[in-house]
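Peer 1: My questions all concern the structure below.
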Amino acid sequence: AQSVAQPEDQVNVAEGNPLTVKCTYSVSGNPYLFWYVQYPNRGLQFLLKYITGDNLVKGSYGFEAEFNKSQTSFHLKKPSALVSDSALYFCAVRVPSGSARQLTFGSGTQLTVLP
Amino acid sequence: DTGVSQDPRHKITKRGQNVTFRCDPISEHNRLYWYRQTLGQGPEFLTYFQNEAQLEKSRLLSDRFSAERPKGSFSTLEIQRTEQGDSAMYLCASSLVTQGYNEQFFGPGTRLTVL
Chain A
258 AQSVAQPEDQ VNVAEGNPLT VKCTYSVSGN PYLFWYVQYP NRGLQFLLKY ITGDNLVKGS
318 YGFEAEFNKS QTSFHLKKPS ALVSDSALYF CAVRVPSGSA RQLTFGSGTQ LTVLP
Chain B
13 DTGVSQDPRH KITKRGQNVT FRCDPISEHN RLYWYRQTLG QGPEFLTYFQ NEAQLEKSRL
73 LSDRFSAERP KGSFSTLEIQ RTEQGDSAMY LCASSLVTQG YNEQFFGPGT RLTVL
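Sequence lines, in order, name chains A and B.
Mapping the first sequence onto my numbering, position 68 (from 1) lands on 325, and the numbers just tick up by one.
Mapping the second sequence onto my numbering, position 111 (from 1) lands on 123, and the numbers just tick up by one.
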């Protein structure tokens with residue numbers, strides 16, 4: 258069975274500072290990994306994905322994430338946080354083959370960027 | 013707007029009533045997913061369709077839940093004899109499955125409140 262852990266329910270960072278939102282995963286085989294963001298009363302918006310290749314992937318709004326196979330992690334990062342980045346962030350995993358086509362999500366991390 | 017749409021956005025019902033939600037995926041997306049999200053949790057997979065065929069159902073999908081995608085376009089999710097525990101946000105997502113993997117695009121969700 259596949260699973261995702263987001264160890265921090267809440268992350269606070271000052272505007273202009275770098276931010277990191279942590280994610281670790283457990284899956285049999287090579288994973289597909291994703292980050293989504295959710296603003297209040299809205300659906301999830303896709304930020305970025307890792308399928309294969311370069312471990313550092315770049316996504317929307319200046320976000321990037323680093324795939325670390327040995328640590329089974331896929332942490333989300335941004336060099337300089339904006340107040341508008343404040344939202345709920347979800348990490349998700351999927352196996353590339355087999356019957357489990359759905360995404361398995363973590364419980365989410367609330368990011369608050371303080372002005 | 014060419015994104016995933018869901019209707020209604022909010023539904024309040026009394027325990028024991030039946031409710032039906034609709035999802036219109038992005039045009040030409042052949043895969044459609046339903047997820048449920050409760051407060052403080054990430055979305056949980058319910059079921060998915062490839063074209064009109066329902067290919068997988070989660071154990072979360074009790075026999076009171078039924079989903080259809082009759083013409084391979086829009087989908088409906090019906091909950092019969094609603095219970096207070098059914099209160100949640102119901103999210104629909106769609107993707108275009110070709111070679112390789114394409115991310116899922118989510119709709120804004122239908123928030124169900126069972127009194």
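From the three backbone atoms N, C-alpha and C, an ideal C-beta is built for every residue, glycine too.
#1: Can you name the start and end residues of the beta strand (DSSP E) that residue 35(B) belongs to?
#2: Using a C-beta to C-beta distance shorter than 7 Å, which residues of chain A count as neighbours of residue 115(B)?
#3: Counting only Cβ pairs nearer than 8 Å, list the residues of chain B close to residue 364(A).
#4: Taking residue 120(B) as the query, report the chain A residues whose CB atoms sit under 8 Å from its CB, ordered along the chain.
#5: Between the Cα of residue 316(A) and the Cα atoms of 365(A), 325(A), 332(A), which residue gives the shortest distance?
#6: Within its chain, find whatever has a CB closer than 7 Å to the CB of residue 372(A); leave out the 5 residues flanking it on each side and keep chain order.
#7: Is there a C-beta anywhere in chain A that falls below 8 Å from the one on residue 89(B)?
#8: Could you name the residues of the segment 55 to 72 of chain B whose beta carbon sits closer than 9 Å to any beta carbon of chain A, in the order they occur along the chain?
#9: If you draw a straight line from the alpha carbon of residue 56(B) to that of residue 330(A), how long is it in whole angstroms?
#10: Starting from the Cα of residue 59(B), find the closest Cα among 73(B), 50(B), 49(B) and give me that residue.
#11: With 8 Å as the threshold, decide whether the Cβ of residue 124(B) is near any Cβ in chain A.
#12: For residue 102(B), which beta-bridge partners are listed by DSSP?
#13: Whose C-alpha, out of 66(B), 77(B), 90(B), 93(B), is nearest the C-alpha of residue 84(B)?
Peer 2: Based on what the coordinates show:
#1: 31 to 36
#2: 291, 303, 306
#3: 52, 53, 54
#4: 298, 299, 300
#5: 332(A)
#6: Residues of the same chain with a CB within less than 7 Å of the CB of residue 372(A), apart from the 5 flanking positions on each side, are 272, 340 in chain order.
#7: no
#8: Within the segment 55 to 72 of chain B, the residues whose Cβ lies closer than 9 Å to some Cβ of chain A are 55, 56, 57, 58, 59, 60, 62, 67, 68, 70, listed in chain order.
#9: Rounded to whole angstroms, the separation of the alpha carbons of residue 330(A) and residue 56(B) is 21 Å.
#10: 73(B)
#11: no
#12: 48(B), 122(B)
#13: 66(B)
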